[in-house]
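Notes follow once the structure below has been shown.
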Amino acid sequence: MQEVIIIGAGFSGISASKKLNQANIPFLVLEARDRLGGRVYTKKLSEDLYLDFGGQWIGPGQDRMYELCREFGLEYYETYDQGNNLLDFGKKVRKFKGLIPKLDIVSLINLDLVLKKLERMAKSISLEEPWNHPKAMEYDRISLAEFISVNCKTISCKKIVSLALETVFASELNEISLLHALFYIKSGRDLNTLINIKDGAQLHRIVGGMQSLIEKMAAPFHDKIHFNRTVKKILQENEVIKVKGEDFELTCKKLIIAIPPPLVSKLEFEPMLSGKKRQIIDRISMGQVGKCFMVYKKPFWRENDFSGQAFADANSPFQSIFDCSPKDTKYGILMGFTIAKRAREYFTKSKEERKNIMKGKLIQYYGNEAAEPLLYEDFTMTDEAWSRGCYAGLYPTGAWTGFQNAYSKAEGNILWAGTEASPIWFGYIEGAVRAGESAAESVRLAYKNS
Ligand SMILES: Cc1cc2nc3c(=O)[nH]c(=O)nc-3n(C[C@H](O)[C@H](O)[C@H](O)COP(=O)(O)OP(=O)(O)OC[C@H]3O[C@@H](n4cnc5c(N)ncnc54)[C@H](O)[C@@H]3O)c2cc1C
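Last residue of the sequence shown? That's 450 in the UniProt record's numbering, and every number before it is there in order.
Shown next as structure tokens:
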């Protein structure tokens, strides 16, 4: 019998494993895919060209991520953030510098008021108990989209707030409760941090890609990670937990589940999980995002004083575009996020059509130099059986007040990790690491006292 089994070799499962390994507690990791990383996936296209198809950025406040980079000697670098950004409202593409685009004065005042209101409201939320806020019921009754409808008085203000928040949540805003949005904002420090490059969550990237970090973390215990092992059934009998898949059956004393909520709902539990746990799992949905990359010989837009950042209304498939070139600028790479409804429409087209659509947009933004890319690639984890969406699980209206923290609570000897179990940096890699470490710490304490 194993002491501990961990399901999932994403950042959360591997952070839990790392801690158990350091504490000399025997464990085993079961992973459905044939690779590490889960929602982090660095695709190597050649010796010197890689693309981060999943999570890629780290920023201030993500202390564990910076500590891990230091521990494993990984270099990180700043996201390019100089020159003009673009705001694309169809016929008109406007240049602007900094965070706030040039708008009419009424829209600018409106935008300032809405962002400040969201910041103020988020500040008052408790990360441990969001449902205990005096206005929790009021905030949990409406969606983020309804909040925007009521508070954004001009079309320009509404468009900008919507595309910024869609980029933050990777979702249609009517699918998220306002209370969840406020919790999420506070969980990632504040709204300014979440939407910004400068001093924000998009500040740094790891040289070589994000997956290189998890590979280094897992190297000391790689032999304990069993790939292509999909867990299907979990049975708790007295103090023994049976973990079953198609062609394996293992037993353990403690189990850490570090997989996305929609995939927990596919597991069969005996006895069944508590009613609250089952119902919250059924309610949490995942966002939907595609990352689309156009690779050039060099980041030519920088020479023309463009940052590579562009933000667009629904005339474009891309809510936002960022410069994702490598540190050594051996290539110039622009990455567009296509999110929710825009992603669903975009991915009905063939890859050739998608490439031409993105190329057309980039020519419109940066001129004819954009017409000759080296290659185009895109990827969406919505179509991946072992992610089922991204970036993370989202709480709809009524979920926080109805079910509180039922998702992250342990049930018997089963503990929950994964970014969705973290009150801090929920949805981010930092949250995944913290939740994994926290579950492993609970196991360590129980082991020490046994
Ligand atoms: C496109 C995209 C962009 C993102 N950008 C950023 C970013 O820039 N910065 C940031 O901080 N975060 C970002 N995120 C979010 C971040 O990647 C995730 O929050 C984080 O990676 C989640 O880690 P996790 O370990 O909780 O879950 P996962 O990474 O999902 O790991 C779960 C693992 O469990 C495995 N699994 C699932 N079911 C089973 C089963 N039944 N049996 C066995 N194994 C199973 C899966 O294969 C997977 O490997 C992004 C995510 C995506 C998808």
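From the three backbone atoms N, C-alpha and C, an ideal C-beta is built for every residue, glycine too.
Since the structure is predicted, the reported quantities are computational estimates derived from the model, not experimental observations.
In DSSP terms, what residue i is bridged to
{"i": "R94", "result": "L87"}
{"i": "W416", "result": "I257"}
{"i": "E172", "result": "DSSP, once it has assigned bridges, lists no residue as partnering E172."}
{"i": "Q236", "result": "I241"}
{"i": "C252", "result": "Q2, I241"}
{"i": "S177", "result": "S143"}
{"i": "E411", "result": "I414"}
{"i": "I155", "result": "Per DSSP, none; premise fails for I155."}
{"i": "Y296", "result": "G332"}
{"i": "L111", "result": "L111 pairs with nothing; no bridge assigned."}
{"i": "F337", "result": "K291, S320"}
{"i": "I7", "result": "L30, I257"}
Range of the contiguous beta strand (DSSP E) that encloses residue i
{"i": "R205", "result": "204-206"}
{"i": "Y66", "result": "Counting along the chain, Y66 falls outside any beta strand (DSSP E), though it belongs to the alpha helix (DSSP H) covering 63-71."}
{"i": "Y50", "result": "49-52"}
{"i": "residue 473", "result": "Any answer about residue 473 is impossible in this case: the structure gives the chain only from 1 up to 450."}
{"i": "F322", "result": "320-323"}
{"i": "E78", "result": "76-78"}
{"i": "M217", "result": "M217 -> not in any beta strand (DSSP E); alpha helix (DSSP H) instead, spanning 211-218."}
{"i": "F269", "result": "268-270"}
DSSP state of residue i mapped onto helix, strand, coil
{"i": "L445", "result": "helix"}
{"i": "D378", "result": "strand"}
{"i": "M137", "result": "helix"}
{"i": "residue 493", "result": "No answer is possible for residue 493: it lies beyond the span of the chain, which begins at 1 and ends at 450."}
{"i": "F227", "result": "coil"}
{"i": "A314", "result": "coil"}
{"i": "T42", "result": "strand"}
{"i": "I100", "result": "coil"}
{"i": "Y331", "result": "coil"}
{"i": "S422", "result": "coil"}
{"i": "S307", "result": "strand"}
{"i": "W301", "result": "helix"}
{"i": "I125", "result": "coil"}
{"i": "I197", "result": "coil"}
{"i": "L191", "result": "helix"}
{"i": "L394", "result": "strand"}
{"i": "G427", "result": "coil"}
{"i": "W57", "result": "strand"}
{"i": "K436", "result": "Checking the sequence, you will find Gly at residue 436 rather than Lys. DSSP places G436 in helix when its eight states are reduced to three."}
Residue range of the unbroken alpha helix (DSSP H) whose run includes residue i
{"i": "Q364", "result": "351-366"}
{"i": "G275", "result": "275-283"}
{"i": "S12", "result": "11-22"}
{"i": "E345", "result": "341-346"}
{"i": "G402", "result": "399-403"}
Straight-line Cα distance separating residue j from residue i
{"i": "T230", "j": "L394", "result": "24 Å"}
{"i": "S212", "j": "K153", "result": "45 Å"}
{"i": "V243", "j": "P134", "result": "42 Å"}
{"i": "A136", "j": "E352", "result": "47 Å"}
{"i": "E372", "j": "Y331", "result": "13 Å"}
{"i": "I214", "j": "D223", "result": "15 Å"}
{"i": "A201", "j": "N238", "result": "44 Å"}
{"i": "S325", "j": "P101", "result": "24 Å"}
{"i": "F337", "j": "A314", "result": "13 Å"}
{"i": "R70", "j": "Y76", "result": "10 Å"}
{"i": "G360", "j": "I284", "result": "36 Å"}
{"i": "G13", "j": "G436", "result": "6 Å"}
{"i": "A170", "j": "G427", "result": "11 Å"}
{"i": "E116", "j": "L250", "result": "In the sequence under discussion, the amino acid at residue 116 is Lys, which differs from the Glu named in the question. Computed Cα separation, rounded: 52 Å."}
{"i": "A310", "j": "K297", "result": "20 Å"}
{"i": "G245", "j": "E268", "result": "11 Å"}
{"i": "N449", "j": "A145", "result": "49 Å"}
{"i": "T329", "j": "D378", "result": "20 Å"}
{"i": "V295", "j": "K327", "result": "14 Å"}
{"i": "residue 466", "j": "M217", "result": "Nothing in the structure corresponds to residue 466, since the chain is present only between 1 and 450."}
{"i": "S126", "j": "R120", "result": "13 Å"}
{"i": "I195", "j": "K291", "result": "17 Å"}
{"i": "R342", "j": "F227", "result": "34 Å"}
{"i": "P396", "j": "I176", "result": "5 Å"}
Residue i Cβ short of 6 Å to ligand 2 heavy atom set
{"i": "R342", "result": "The model depicted lacks ligand 2 and carries ligand 1 instead."}
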